[in-house]
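Engineer: Here it is, the structure in full.
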Amino acid sequence: DKDLFDLIYLKTSRRVSLSCLIRNEDDLWMTIRINRFEGTLHYFLKSRFNIEGISKTRDIYLDSREDFTNFVSKVSPYIPLIIERTSLEREAYCSYLDTIIGMKDRTILVSDLGCRGASQAKLQLLLAEYGHNIKGVYIAYNKTNPYNHRWIEGFLDSNDSQFEHYSVLIES
752 DKDLFDLIYL KTSRRVSLSC LIRNEDDLWM TIRINRFEGT LHYFLKSRFN
802 IEGISKTRDI YLDSREDFTN FVSKVSPYIP LIIERTSLER EAYCSYLDTI
852 IGMKDRTILV SDLGCRGASQ AKLQLLLAEY GHNIKGVYIA YNKTNPYNHR
902 WIEGFLDSND SQFEHYSVLI ES
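If you're matching positions, the sequence shown starts at 752 in this note's numbering and goes up one per residue.
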């Protein structure tokens with residue numbers, strides 16, 4: 752019965768949900784360890800934090816898996832700007848969430864599919880700050896559970912199914 756609950760299409764992305772949880776330097780390094788990066792510093796700043804116009808970053812290559820210490824040293828000068836941007840993005844996204852779901856205690860059912868549940872894990876942390884409890888129906892095509900979701904029932908092995916191959920079709 753559709754009258755038992757409101758159906759809402761909640762727009763989010765891994766980038767937004769991760770960015771909203773970066774409040775300090777430790778948060779930044781934690782997200783990089785989980786969601787590694789390989790590419791130029793220019794692309795890192797632009798793609799993750801929408802920071803543009805710093806020309807000296809174009810030729811600096813980073814690989815957080817290969818040399819995390821170098822990654823930290825190259826990104827560190829931009830931490831104040833990154834924190835400023837994530838703060839603005841968090842404020843804007845929380846305002847959006849307030850208009851969609853309200854900022855009162857409620858249980859939210861999230862239904863999604865993907866690889867590891869990164870967006871849902873970060874969204875769960877962000878919404879918990881406002882008293883929301885997320886219950887999830889999540890289909891993952893990776894048998895691992897890197898975020899230790901307690902609310903996810905099962906994972907598929909991408910080697911045993913065609914799920915990953917058809918995921919774009921299934922999502923649409």
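Note that beta-carbon positions come from the ideal geometry of N, C-alpha and C, so glycine has one too.
1. Could you give the DSSP three-state label for T791: helix, strand or coil?
2. Taking the beta carbon of L813 as the centre, do at least 16 other beta carbons fall within 10 Å, making it buried, or is it exposed?
3. Compute the distance between the beta-carbons of K873 and S798, then report whether it is under 7 angstroms.
4. V823 to R816, Cα distance in whole Å?
5. If you run the structure through DSSP and keep just helix, strand and coil, what is L813?
6. Using only CA atoms, which one of I834, E803 and T763 lies nearest to N775?
7. What residues in its chain sit with their C-beta under 6 angstroms from that of R841, if we drop five residues either side in the sequence?
8. Starting from D827, trace the alpha helix (DSSP H) in both directions and tell me its first and last residue.
9. Please determine, among L878, I852, G790 and L832, the residue with the shortest C-alpha to C-alpha distance to I802.
10. If you draw a straight line from the alpha carbon of L761 to that of A879, how long is it in whole angstroms?
11. Check whether the Cβ atoms of S870 and T791 sit closer than 7 angstroms, and answer yes or no.
12. Taking 7 angstroms as the cut-off, decide whether the C-beta atoms of T782 and H793 are in contact.
13. Can you give me the Cβ contacts of N821 inside the same chain, cut-off strictly under 6 angstroms, excluding the 5 residues immediately before and after it?
14. Looking at T837 and I759, is the spacing between their C-beta atoms short of 7 angstroms?
15. Is the beta carbon of I805 sitting closer than 7 angstroms to the one on K825?
16. Taking the straight line between their C-alpha atoms, what separation do you get for L839 and S827?
Structural biologist: By the coordinates alone:
1. strand
2. buried
3. no
4. 11 angstroms
5. strand
6. I834
7. C771
8. Reading the sequence as shown, one finds Ser at residue 827 and not Asp. Premise fails: S827 is in no alpha helix (DSSP H) and is neither H nor E.
9. L832
10. 16 angstroms
11. no
12. no
13. none
14. no
15. no
16. 19 angstroms
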